[in-house]
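The sequence shown runs 1 to 880 under the UniProt record's numbering. All residues carry an ideal CB built from backbone N, CA and C; glycine is no exception. Model, not experiment: these values are computed from the prediction.
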Amino acid sequence: MSYNPQKIERKWRKLWEEEGAFRIDLSRVKKPYYNLMMFPYPSAEGLHVGNVYAFTGSDIHGRFRRMQGYNVFEPMGFDAFGIHSENFAIKKGIHPKILIKNNVNHFRKQLKNLGCLFDWRHEVDTTQPNYYKWTQWLFLQFFKAGLAFRKKAPVDWCPSCKTVLADEQVISGKCERCDAQVIQKETEQWFLKITKYAEKLLKNLGNPSASATPARMTRVSMSGGPKALQAGIDWSPTTKAIQKNWIGKSEGWEIKFQIANWNKFVPEDSKLQIEVFTTRIDTLFGATYLVVAPENSIIEDLKPSISNIKYVEQYIQESRAKTEIERISEVREKTGIEIKGIKAVNPANGREIPVFVADYVLIHYGTGAIMGVPAHDKRDFDFAKKYNLSIIDVIQSPEVKIELPVAAGPIVSGGTIFNIYEGEGVLINSEKFDGMPSKTAKERIGEWLARKGLAKKAVYYKLRDWLISRQRYWGPPIPIVYCEKCGSADSPQVVPVPEKDLPVLLPYVKNFRPGGTGQSPLASVKSFVETACPKCKGPAKRETDVSDTFLDSSWYFLRYPSTDFDNKPFDKKLTRKWLPVDMYIGGQEHAVLHLMYSRFVTMALKDLKHINFEEPFKKFRAHGLLTKNGTKMSKSKGNVVNPDDYYKQYGADTLRMYLMFLGPFTNGGDWQDRGIVGIKRFLEKVWELGQKEISNAKNPQVDSLVNETVKKVTSDLENLQYNTAISSLMILTNKMVEEKNISLANYKTLLILLAPLAPYITEELWSRLQGNRGSTTPISSRVLDKVGTKSGQKVTSGVTSSIHNQKWPKFRKQLAKKANITLVIQVNGKVRDKIEVPADVTEAKAKKLAMERENIKKWLEGKEIKKVIFVKGKLINIVV
């Protein structure tokens, strides 16, 4: 019988589903292992092979852990709300309530074909009321805790998607979804206070250059029995570095620069000053100008005395039309305008210095003002040259020998200055601090100014609060109503929907397309908008914005184990048992989106006493990108490869293994049709091995190779190095094919090692071995002529007899020692080297290995080999 993957896979898919082969009782297991992959957006007609690549790699890990004795929970669901799905519905001209349901059904079918461990009893769909009820509940918990708030703010607006975007959704000034150029708008929006957790988010990353050790990630018992996560996360170093940079912690000093002649502008009992944040207070004596953000309130305070206020206001207006990305771009020339009629006083040396307004300074970072030190900052230097400002050198490289005092007055930037030094060093031109190292000077200068009331230590973060409101249709309505009579001092007129009234259902709206008015399509639905105030029962209006899709996905991992519960978002007992997630695999592109948000939500829920751990994922690994002709596969780019065609032609096992063979899983690879044929041939070889004679005859060479393959494949699967695991299995298979007969034990070990990678074919071949252990009859003579039947009876996998329930083989050190020997290499009878070789190494192989050794080559160079003496198992002597 030839290998027929479609027939075999259809058979086992049906049997696994009927028997619930991979289902587990979540409440009773002893060794829980939560293996999770990022759930897909069903924003296309089907999955592409890039999705299959990610899911396959994660499933292989889950199957491997299962065979190591863990009770693996591997759920799947659909991130079906949001712009991705709504835009696809608009493109197709089909209402999302209809289209997304059809898409989900097709995605589910495709995922079942893949042969993963998914337990579909725990499926989640973010568009279902029984899910988004709890997304709304989550928002209410944050609102009650002061973590959800509404404010007017300049935001990034996508004119194509017709909605606001979070900072993390703007890539190089463009919408991450549709690639349209983003513009700025100022509107009322809902935010979550992620900035409150900036320090904890940063601290728990640990050292971004290395993964945490597993010991730091273990669940530990707490008083009363719950389990919690110790500090530290074992994540891909690149992901941690991206998050660290996005959080952007800066430690430094806030310095007060008084306005010169301030009493001309304000009453005697007050002072005008510009507060500047800097991490380099050691360069303060070299500050020759200040720059304030266009939004800085000091401009309004000084307005009566600004002689060029008309031009300043014009510049400010132009700045507001630019996106933040445009304003801080490194490739764009910096612009600004001097605020004439105003000078600031450098508190270090008393010099009056000009003040500029420039759009590259952002109001939300630091104090919204910076000091310009052109001798020690390239950006400041370029700005100073453009506007002909003074440059004072105040830091000398520690590599330069100096003799104090060094005389250096102001240098006008119209002249020539070389080698801008941006590092730390030794202070010069800094009065009493001359000769002091930068590290010391940072403290001494800060303390000196602090005693005068002109400086204080400060910490700032680049991270901003998470904007979650969207002026779209396809999302969970934000559970807020507005009542003119009610609300609180902090949030007048804002009333949260009571938890008992959740979910606030998303109504069917025929015209769901965004209108570009700045309001959600829900605003036009009178029956939805007009409601009664939960407090006073008077007339009120509902919030018409929906929440960001990333709020849906920020907690879905908590829901999976508790999908059977309608009265709570997550069961505490099950959550203690299964969370945090043991292994999470997904895309690196979510480092500052989903992954950051999930960490924040988990931390907040812990503080609110809903859970007892603060990090959601103990281990995270980012998979590589699958490209086609060097370009990332993307539904929006239309260059995706449909896996359905390959299921039909080659089967899921071949597709799974080909994808994993393209390159290291964490690096990705480039899809090429011609490569898949080689994997198909390999699986056919494995199939044909079943036709060989099985015997108990000893074959030390094969035994040794099997043992070494166990070691290599185990290590490779542990480290997600699936491509090299497959290479090792190919070598072993080729060796077995060469042999006249193979032992049952070695054949079974091969199948077990292959099982996580190719679950269908290995299950079929394993089932053919049951009840025939030790037989010398070829497998082919005792297998089924008709797949799925034997003597007219239905054959089932048998829960205990499935290959996927077998124990993972262990490397046998003793066998390795017996299988290898130390071969002494002599040249003219003198020992020149030693080498580890198989005990049954041939003379030809031993000679080849010996002559490849660098230590031997030098003794053979220019010499003629007369003869070779080989003593099996002991030595080889090369006579020259």
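Item	Value
6 Å CB neighbourhood of Lys340 in its chain, flanking five on each side removed	Ser307, Asn308
N- and C-terminal bounds of the alpha helix (DSSP H) containing Tyr315	309-320
Rounded C-alpha distance that separates Glu176 from Ile328	18 Å
Burial state of Asn734, where buried means 16 or more other Cβ atoms lie within 10 Å	exposed
Per-residue DSSP class, three states only, for Met371	strand
Per-residue DSSP class, three states only, for Arg812	coil
Residue burial classification, Lys637 (beta-carbon count within 10 angstroms, cutoff 16)	exposed
Rounded straight-line distance, which links the Cα of Val124 to that of Ser791	Residue placement at Ser791 is flagged as unreliable, the pLDDT there being 34, under the threshold of 50; the coordinate-derived value follows with that caveat. In a straight line, the C-alpha of Ser791 is about 42 Å away from that of Val124.
Alpha-carbon to alpha-carbon, Phe88 and Ala652	28 Å
Given 8 Å, three or more beta-carbon pairs between the stretch 462-472 and the stretch 514-532	yes
Pick from Val495, Trp555, Thr544, Lys577 that is closest to Ala604, judged by C-alpha positions	Trp555
Span separating the alpha-carbon of Phe73 from that of Gly453	59 Å
Opening and closing residue of the alpha helix (DSSP H) in which Asp607 lies	594-607
Spatially closest choice to Arg10 from Cys533, Trp808, Tyr647, by CA coordinates	Tyr647
Residue environment, Thr822, which counts as buried when at least 16 other CB atoms sit within 10 Å	exposed
Entirely enclosed alpha helix (DSSP H) segments - the stretch 42-109, minimum 4 residues	49-67, 83-92
Neighbour-count burial assignment, Ile679, 16 or more Cβ in a 10 Å radius	buried
CB of Glu687 within 7 Å of CB of Tyr3, strictly	The identity of residue 687 in the sequence shown is Trp, whereas the question assumes Glu. Yes.
Within 7 Å, strictly: CB atoms of Ile445 and Ile281	yes
7 Å CB neighbourhood of Pro40 in its chain, flanking five on each side removed	Leu47, Asn51, Phe78, Asp79, Phe107
Burial state of Glu854, where buried means 16 or more other Cβ atoms lie within 10 Å	exposed
Test item: CB-CB of Gly57 and Tyr760 under 7 Å	no
Residues near Leu165 by beta carbon distance below 8 Å, same chain, minus five either side	Val155, Asp156, Trp157, Cys158, Cys175, Glu176, Val182, Leu467
Inter-residue spacing [alpha-carbon to alpha-carbon] between Thr187 and Asp179	22 Å
Nearest-angstrom Cα separation, counted from Lys577 out to residue 882	In the structure as shown, the chain begins at 1 and stops at 880. Residue 882 is therefore absent and cannot be evaluated.
As assigned by DSSP and simplified to three states, the class of Gly181	In the sequence under discussion, the amino acid at residue 181 is Gln, which differs from the Gly named in the question. The answer is strand: DSSP assigns Gln181 an E or B state.
For Tyr482, the three-state DSSP class (helix, strand or coil)	strand
According to DSSP, residues forming a beta bridge with Glu251	Val459
3-residue-minimum beta strand (DSSP E) runs that sit fully inside the stretch 661-724, ordered along the chain	668-671, 693-695
Exposure label - Gln814; buried when at least 16 CB within 10 Å	exposed
Distance between beta carbons of Met67 and Gln806, contact taken as under 8 Å	6 Å
Own chain residues within Cβ distance below 7 Å of Leu463, not counting five before or after	Ile194, Thr195, Ala198, Trp246, Ile247, Gly248
Short Cβ contact (7 Å threshold) for Asn53 with Leu744	The question names Asn, but residue 53 in the sequence shown is Tyr. It is not a contact, given that the beta carbons lie outside the stated cut-off.
Through-space distance from Pro700 to Asn723, alpha-carbon basis	27 Å
For Gly690 and Arg681, the rounded distance between their alpha carbons	15 Å
Gln141 to Gly669 span [Cα, whole Å]	43 Å
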